[in-house]
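Note that the protein sequences, when read in sequence, are chains A and B.
Take the first sequence: its letter number 171 is residue 171 in this note's numbering, and every next letter is one higher.
When you read off a place in the second sequence, starting at 1, and then add 380, the result is the number in this note's numbering.
For each residue, glycine too, the CB sits at the ideal point set by N, CA and C.
Since the structure is predicted, the reported quantities are computational estimates derived from the model, not experimental observations.
This report concerns only the one structure given below.
2 protein chains.
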Amino acid sequence: MNEDEMVVTPWEVRGKIDYDRLIKEFGTERITPDLKQRMYKITKEKHVMLERDYFFSHRDLNWILDEYDKKNKFVLYTGRGPSGHTHIGHLPTWIFTKWMQDRFDTRLYFQMTNDEKFVFESHLNLEDVRKFTYENTLDLLALGFEPENTFIIQDIEHIDLMYEIAVQVAKKVTFSSAKAVFGFDNSMNIGGIWFPAMQAVPAFIHSWVYGKKTPCVIPCAIDQDPYWRVTRDVAERIGYYKPASIQNQFIPGLKEGGKMSASDPMSTIFTTDTIKLAKKKVMNAFTGGRATVEEQRRLGANPDICSVFKYYEFMFMPDDKDLADIGRKCRGGEILCGECKQILAPMMTEFLEKHQATREEVKDRVDEFSAARLRDELKR
Amino acid sequence: MNEDEMVVTPWEVRGKIDYDRLIKEFGTERITPDLKQRMYKITKEKHVMLERDYFFSHRDLNWILDEYDKKNKFVLYTGRGPSGHTHIGHLPTWIFTKWMQDRFDTRLYFQMTNDEKFVFESHLNLEDVRKFTYENTLDLLALGFEPENTFIIQDIEHIDLMYEIAVQVAKKVTFSSAKAVFGFDNSMNIGGIWFPAMQAVPAFIHSWVYGKKTPCVIPCAIDQDPYWRVTRDVAERIGYYKPASIQNQFIPGLKEGGKMSASDPMSTIFTTDTIKLAKKKVMNAFTGGRATVEEQRRLGANPDICSVFKYYEFMFMPDDKDLADIGRKCRGGEILCGECKQILAPMMTEFLEKHQATREEVKDRVDEFSAARLRDELKR
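Now the structure itself:
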């Protein structure tokens, strides 16, 4: 197998990512300038992650806006598989989700798939996935979500709110189809085979709880698209709308190739890393630089493949002028990679210091966000 | 395929049943006279279903009695898939279970697998399986169970008490193994593939709720054995005892071959049938009789293949003398099948009338038996 070959599944992302090819293969649509304008008419402001095509692909967003115009407001749904500490690469999707939540004034269902991580990861026990559910929740809340419109679903703890929907989904998905979509083979355990039904549930839970068919938009990285294909395939057959989605690129790891991944700790900055370690990881990051100073001065470097530049692009340099400036200096050989990292490092550590402080502050607020509140809604 | 060929799976029983072969193929043990005596030392009375080998096979019952002697008492677990009304053929297992519950003074967990029937039966919706769960519960309670020691688990409604155990089971069962045991193919839906994990749960739920490893005995028809093979295979790996089982024969249908089955209404007496219809079904039953009266008088009939005789044997003629008497008359040609049915019919209708009256009386007591009470135990 060519090591550059693109592999994008919910469990593995590697090789050189060709986003145009992903759109074609997955059958999604590119987010056009017109669609952005349509969103901005409601949001009243642009978002850098849309402007710079971090969110680049979607399903049915035009329909979502049609319904919104008709006062049929959507809910948002995203989530996290709590298999370890949150890393920086997880945050942009959540940050953008919060922007949508604020700007469209809508509810968010956030799924913590502790059952998934338990059944898929042989090294994790129930205590582990519970611990990481809690830890990851702190990172989510540190981004400033408010409980009124934010419902965190923990699969194992809130299964009573999910199972009836999940069996309806599961009844419509054959092993053949799960195999084709996810590449399951016969060695997959029956919990893993079941799980796609659980990942579908939050797309329907609002409609189910309130007894009113409600559109749903899922902001997520595009590697999760197989789940939404299954969910969409089933939706109308069990009486719900197909969920729409808005899909982002991967944040590259700090080493060459693939997305940032928890499986290689040095490629990843965890939100729980010490400032010292985070700085070290930035300083060791993979860039688009040249082999020698002389060469870089003469030929310039390549920001398009540089992990440092991606952080400027999607998180730390919202100002287009700043970004263009550093891009120009990079390409022109005016700045060396070491110097450039010296610019990112304090941005990263400042972000982390603030995030870690907020993370502490939200510790006593976790319960306020629980989807357990839906039980009270059901009793009404 | 030879139509006499024996097929015994949890979903299908047909052909001529060879119980010795089942014991060999499933790897269970025959219930020996010694084992019966060991049970009777505790129960202080014999049971006709043991004496006549209706319960004929087991796994680990000697170990269960060893533990019982050491004051490590077991719990009982059996259940019902609520896909339709209860028929007479379901009752003997439950009647025997009640005897064990009374005589060993132990708790029973009774599982209503409404999720199973919903995902396996394309024609059933959630409302249907809930209706039959309720209807079947009435039949169970009509047999005289008392709430103190009887906990009815409804999978969908009590999933919060089950899911954590179910994912632990599911993680240890591959699709290969489920395929080998149950004969699943790729067209099986992912809810059906998941379900064996759910059927395992009640074997462990007592240990889980009370935090104390507790032996479990499952009285059931032998066609359910594949589920217990999977359950036993996983048990010790997730910290529980392997469940023991005590297994019964099938009650034959009123037509030739196979077990009594809801799929052919005339082969089956439902507990909700009118007295008139039940009588008609008895009078039309398949027997071991001869083609003509003359032949039967001369050669006698064969009670061993007669569905009427099976009802005497396992339900309506507990007195050995009565049973021997009618067997002798049958074999000797002294009694014709029509006459014999005239003896069974009033026994059956009397039983049904009483059962139906009790069924009405228990209607307002259903909630008393709910496994929801385990939630309070967990809070302690």
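Helix, strand or coil: how does DSSP classify residue i here?
| i | result |
| --- | --- |
| A/Tyr77 | strand |
| A/Met188 | coil |
| B/Arg439 | strand |
| A/Arg297 | helix |
| A/Glu12 | strand |
| A/Arg328 | helix |
| B/Glu409 | strand |
| A/Met1 | Residue confidence for A/Met1 is low, a pLDDT of 47 falling below 50, so the modelled location carries little weight and cannot support an answer. |
Please report the Cβ distance between residue i and residue j, rounded to the nearest whole angstrom; I am assuming they are in contact, meaning their Cβ atoms lie under 8 Å.
| i | j | result |
| --- | --- | --- |
| B/Cys686 | B/Thr672 | Going by Cβ atoms, the distance from B/Cys686 to B/Thr672 rounds to 17 Å, so no, they are not a contact pair. |
| B/Gly464 | B/Phe512 | 6 Å |
| A/Val48 | A/Pro318 | 5 Å |
| B/Met680 | B/Cys710 | Per the sequence shown, the amino acid found at residue 680 of chain B is Gly instead of Met. That belief holds up - the Cβ atoms of B/Gly680 and B/Cys710 are roughly 7 Å apart, short of 8 Å. |
| B/Val597 | B/Phe476 | The pair is not a contact, with the Cβ atoms about 11 Å apart (cut-off 8 Å). |
| A/Ile222 | A/Leu76 | At roughly 17 Å, the Cβ-Cβ gap does not stay under 8 Å, so A/Ile222 and A/Leu76 are not in contact. |
| B/Ile539 | A/Asp160 | 6 Å |
| A/Val209 | A/Leu378 | 6 Å |
| A/Ile251 | A/Phe182 | Actually they do not touch by this definition, with Cβ atoms about 23 Å apart. |
| A/Gly327 | A/Arg297 | Their Cβ separation, rounded to whole angstroms, is 17 Å, which puts A/Gly327 and A/Arg297 out of contact at 8 Å. |
| A/Leu126 | B/Glu544 | 7 Å |
| A/Ile64 | A/Pro215 | 6 Å |
| A/His87 | A/Phe270 | 5 Å |
| A/Asn248 | A/Thr78 | Actually they do not touch by this definition, with Cβ atoms about 10 Å apart. |
| B/Val509 | B/Pro576 | At roughly 18 Å, the Cβ-Cβ gap does not stay under 8 Å, so B/Val509 and B/Pro576 are not in contact. |
| A/Met283 | A/Lys341 | 5 Å |
| B/Thr611 | B/Gly633 | That belief does not hold up - the Cβ atoms of B/Thr611 and B/Gly633 are roughly 28 Å apart, past 8 Å. |
Starting from the beta carbon of residue i, find every residue of chain B whose beta carbon is closer than 9 Å, and list them in chain order.
| i | result |
| --- | --- |
| A/Val173 | Asn569, Ile570, Gly571 |
| A/Pro196 | Ile570 |
At a CB-CB cut-off below 8 Å, which residues of chain A make contact with residue i?
| i | result |
| --- | --- |
| B/Asn566 | Thr174, Phe175, Ser176, Lys179 |
| B/Val614 | Going along chain A, no residue has its Cβ under 8 Å from B/Val614, so there is no contact; the nearest lies around 11 Å. |
In chain A, which residues lie less than 7 Å from residue i when you measure between Cβ atoms?
| i | result |
| --- | --- |
| B/Tyr766 | Past the boundaries of the shown model lies residue 766 of chain B; chain B is included only from 381 to 760, so the question cannot be answered. |
| B/Asp495 | Val167 |
| B/Val428 | By Cβ distance, chain A contributes nothing, its closest Cβ being about 39 Å from B/Val428, past 7 Å. |
| B/Phe498 | Val167, Lys171 |
Using the beta-carbon of each residue, which ones in chain A are nearer than 9 Å to residue i?
| i | result |
| --- | --- |
| B/Leu506 | Glu164, Val167, Gln168 |
| B/Ala752 | Per Cβ cutoff of 9 Å: no residues; B/Ala752 is ~11 Å from chain A at best. |
Residue i versus chain B: which residues are under 8 Å apart at the beta carbon?
| i | result |
| --- | --- |
| A/Thr301 | Looking at the sequence provided, one finds Ala at residue 301 of chain A rather than Thr. Correct list: empty, because the minimum Cβ distance to chain B is about 47 Å. |
Could you tell me which chain B residues have their CB closer than 7 Å to the CB of residue i, listed as they occur along the chain?
| i | result |
| --- | --- |
| A/Trp99 | Near A/Trp99 there are no residues of chain B at all, since even the closest Cβ is about 34 Å away, more than 7 Å. |
* To do: Count the C-beta pairs between the region 513 to 532 of chain B and the region 473 to 489 of chain B that are closer than 8 Å, then say yes if the count reaches three, no if not.
  => With a cut-off of 8 Å, the region 473 to 489 of chain B and the region 513 to 532 of chain B count as touching, because enough Cβ pairs lie within range.
* Asked: Quick one: complete beta strand (DSSP E) runs, 3+ long, within the region 143 to 173 of chain A?
  -> Here the runs fully enclosed are 150 to 154.
* What are the complete alpha helix (DSSP H) segments, minimum 4 residues, inside the region 344 to 373 of chain A? -> Within the region 344 to 373 of chain A, no run of alpha helix (DSSP H) reaches 4 residues while sitting entirely inside it.
* Segments assigned alpha helix (DSSP H), at least 4 residues, entirely inside the region 193 to 277 of chain A -> Whole alpha helix (DSSP H) segments, 4+ residues: 202 to 210, 225 to 235.
* **the region 574 to 582 of chain B contacting the region 483 to 498 of chain B, beta-carbon criterion three pairs below 8 Å** => Counting Cβ pairs under 8 Å, three or more are found: they touch.
* Does the region 512 to 521 of chain B touch the region 741 to 753 of chain B, meaning 3 or more C-beta pairs lie closer than 8 Å? -> Yes, the region 741 to 753 of chain B is in contact with the region 512 to 521 of chain B.
* Could you pull out every unbroken alpha helix (DSSP H) segment of at least 4 residues lying fully inside the region 452 to 524 of chain B, listed in chain order? => Segments of the alpha helix (DSSP H) lying fully in the region 452 to 524 of chain B: 471 to 484, 494 to 500, 506 to 522.
* Would the region 405 to 415 of chain B and the region 424 to 444 of chain B be scored as touching if the rule is three or more Cβ pairs under 8 Å? -> Short answer: they touch.
* Sufficient close CB pairs (3 or more, under 8 Å) joining the region 409 to 419 of chain B to the region 606 to 614 of chain B -> Counting C-beta pairs with one atom in each stretch, the region 409 to 419 of chain B and the region 606 to 614 of chain B have fewer than three that are closer than 8 Å, which means they do not touch.
* Asked: Any contact of the region 559 to 567 of chain B with the region 171 to 186 of chain A, i.e. 3+ C-beta pairs under 8 Å?
  -> Flag = yes, the region 559 to 567 of chain B and the region 171 to 186 of chain A touch.
* Answer yes if the region 345 to 352 of chain A comes into contact with the region 265 to 282 of chain A, meaning at least three C-beta pairs across the two stretches below 8 Å, and no otherwise. => The region 265 to 282 of chain A vs the region 345 to 352 of chain A: in contact.
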